[in-house]
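Engineer:
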Amino acid sequence: MLQKLKRKLVQTGAMIAGNGYLVGFLKGKIYQGPTKNVCLPGLNCYSCPGALGACPLGSLQSSIADPYQRISFYVLGFLILLGGIFGRFICGWLCPFGLIQEWLHKLPGRKFKVEKYKKVHAVLRRMPLVFLGVFVILLPFLGSVGGGYGSPWFCKAVCPSGTLMAGWPLLAVNVDLRALAGWLFGWKSLVLIIIIAASIVTMRPFCRYVCPLGAIYGFFNKISLYRVQVEQDKCISCGRCTRQCPMAVPVPFSANGSDCIRCGECATVCPTGAIHVGFDRKISIKKSEKINSNEIS
Amino acid sequence: MQNDDGGARWIVDSGRLPYVASYLRWIILILAILFIALGIFREEVALVFRKATNICFECIGIG
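If you read the sequences in order, they're chains A and B.
Going by our numbering, the first sequence opens with residue 356, and the numbers climb by one from there.
Going by our numbering, the second sequence opens with residue 145, and the numbers climb by one from there.
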């Protein structure tokens, strides 16, 4: 309970700290101060009226779509540094769109676990890599092959965070922008509504099956300094951690799998205190004497 | 020892890194810092700033 409260406080604090330019919401304008030189860690649209920093995914696409730049070492270094230190802790603790999905999931209604359908889940959980490869890298690159500027296709065609945090609030207040809205705005609104509906019935559907930024941080989950550790001789193979995990990570078998967002819920339910979530620490490692793997259902 | 379901104990992934990987990650972190420094040297910050301080029409579904 304390862990959940702590995480909610950190998530809310991060959301407010990253989007604290409240005047922007009233005037329908965006912040243009010096902090926009720096990327925010989570999926946080830089056109959100309150955003005080840049979106790392938007910045990455902009550099790929720019024929005079292609690779932004600044943005890549930022992503590698954060990934290497925190892994997907950023998704679980700092991303505003992750928090919004969790709020939506609290709404009453029938809940649905996609992971019960293992084949469907296995295919869907690879989709963030497809979105990363196609919408974040390939399409922006192809658009700029002839020497012109490409488009940030993930922002343009998919990103529901941009629609929710920037599109809707800006168009609600800014009449000039509202006049420009066409079919693309309708499409993006539809994507957002689908994600909202899906978030009510299942946990973090966007993070699990779409988000390319989560996929990037997920690459580093296995080596990040902030990680999950399981004391082998304390684990009694009860499976409570896996059943509790909101991202359906089989914790005892893949403690730092690319889906783990370091929320720490597994550690709170472990009856023997075998699971530690935090920066690296020395734990006792012992080969289990009798081994057989049961599928966790 | 048996688990809740009466099954045998599992092979547990401790989450501890192999020896080489524990050094590799420090190399990756140093590389990341070098990338950031190189990016600042190449004035890539200006592009991030320019993009972030103008309303991104694609992001809001107009462009």
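Using N, Cα and C, we set each Cβ at its ideal position, and we do this for glycine too.
Here the structure is a predicted model, which is why all the values come from computation and not from measurement.
(1) Measure the alpha-carbon distance for A:E620 versus A:P451 and round it to whole angstroms.
(2) Count the other C-beta atoms from every protein chain shown that fall within 10 angstroms of the C-beta of A:M602, then say buried if there are 16 or more, exposed otherwise.
(3) If you compare alpha carbons, which of A:V606, A:A420, A:G375 is closest to A:N399?
(4) Just the C-alpha distance for A:A521 and A:N611, rounded to the nearest angstrom, thanks.
(5) Three-state secondary structure (DSSP) at A:E650?
(6) Within 8 angstroms of any Cβ in chain B, is that where the Cβ of A:A622 sits?
(7) Report the three-state DSSP secondary structure of A:F634 (helix, strand or coil).
(8) Pick out whichever of A:P626, A:T367, A:A372, A:Y429 has its Cα sitting closest to the Cα of A:N392.
(9) Could you check where the alpha helix (DSSP H) with A:R563 kicks off and where it finishes?
(10) Please name the residue, chosen from A:I616, A:C618, A:C625, that lies closest to A:G607 on a Cα-to-Cα basis.
(11) Taking just the CA atoms, how far does B:E202 sit from A:Q416?
(12) Give the interface partners of B:V156 over in chain A, defined as CB-CB distance under 7 angstroms, in chain order.
(13) Return the residue from the list A:V632, A:S427, A:S613, A:V556 that minimises the CA-CA distance to A:L462.
(14) Sort out for me which residues DSSP pairs A:R582 with in a bridge.
(15) Could you tell me whether any non-hydrogen atom of the ligand PLP is closer than 7 angstroms to the CB of A:L431?
Structural biologist: Put simply:
(1) If you number the first sequence from 1, residue 620 of chain A lands on position 265. If you number the first sequence from 1, residue 451 of chain A lands on position 96. When rounded, the distance between both Cα atoms is 19 angstroms.
(2) Here residue 602 of chain A is taken as the residue at index 247 of the first sequence, counted from 1. With 16 or more other Cβ atoms within 10 Å, it is buried.
(3) On the first sequence, residue 399 of chain A is found 44 positions in, with the first residue counted as 1. Selected option, being the one with the closest Cα: A:G375.
(4) Here residue 521 of chain A refers to the residue found at position 166 when the first sequence is read from its first residue. Here residue 611 of chain A refers to the residue found at position 256 when the first sequence is read from its first residue. Across the structure, A:A521 and A:N611 are spaced so that their CA atoms are roughly 33 angstroms apart.
(5) Residue 650 of chain A sits at position 295 when you count from the first residue of the first sequence. The predicted position of A:E650 is uncertain, since its pLDDT is 45 and thus under 50; a value taken from the coordinates is nonetheless stated next. In the three-state reduction of the DSSP assignment, A:E650 falls in the coil class, being assigned neither a helical nor a strand state.
(6) On the first sequence, position 267 is the one that residue 622 of chain A refers to. Interface residue (Cβ-Cβ distance to chain B less than 8 angstroms): A:A622 is not classified as such.
(7) Stepping through the first sequence from its first residue, residue 634 of chain A is reached at position 279. Three-state result, A:F634: strand.
(8) Along the first sequence, read from residue 1 onward, the residue named residue 392 of chain A stands at position 37. Residue A:Y429 is the option with its Cα nearest to A:N392.
(9) One-based indexing of the first sequence puts residue 563 of chain A at position 208. It spans 560 to 564 - the alpha helix (DSSP H) in which A:R563 sits, taken as one unbroken run.
(10) Within the first sequence, numbered from 1, the residue matching residue 607 of chain A stands at position 252. According to the sequence as given, residue 607 of chain A is Pro; it is not Gly. Proximity to A:P607 across A:I616, A:C618, A:C625 peaks at A:C625, based on C-alpha coordinates.
(11) Stepping through the first sequence from its first residue, residue 416 of chain A is reached at position 61. Stepping through the second sequence from its first residue, residue 202 of chain B is reached at position 58. Between the alpha carbons of A:Q416 and B:E202 lies a distance of about 12 angstroms.
(12) Taking the first residue of the second sequence as position 1, residue 156 of chain B is located at position 12. Ordered by position in chain A, the residues that pass the 7 angstroms Cβ test against B:V156 are V585, Q587, C590, P607, S643.
(13) Here residue 462 of chain A is taken as the residue at index 107 of the first sequence, counted from 1. The shortest C-alpha separation from A:L462 is found at A:V556.
(14) Translated into positions along the first sequence, residue 582 of chain A becomes position 227. Paired residue(s): A:G633.
(15) Annotation note on the ligand PLP: not contained in the displayed structure, which lists no ligands.
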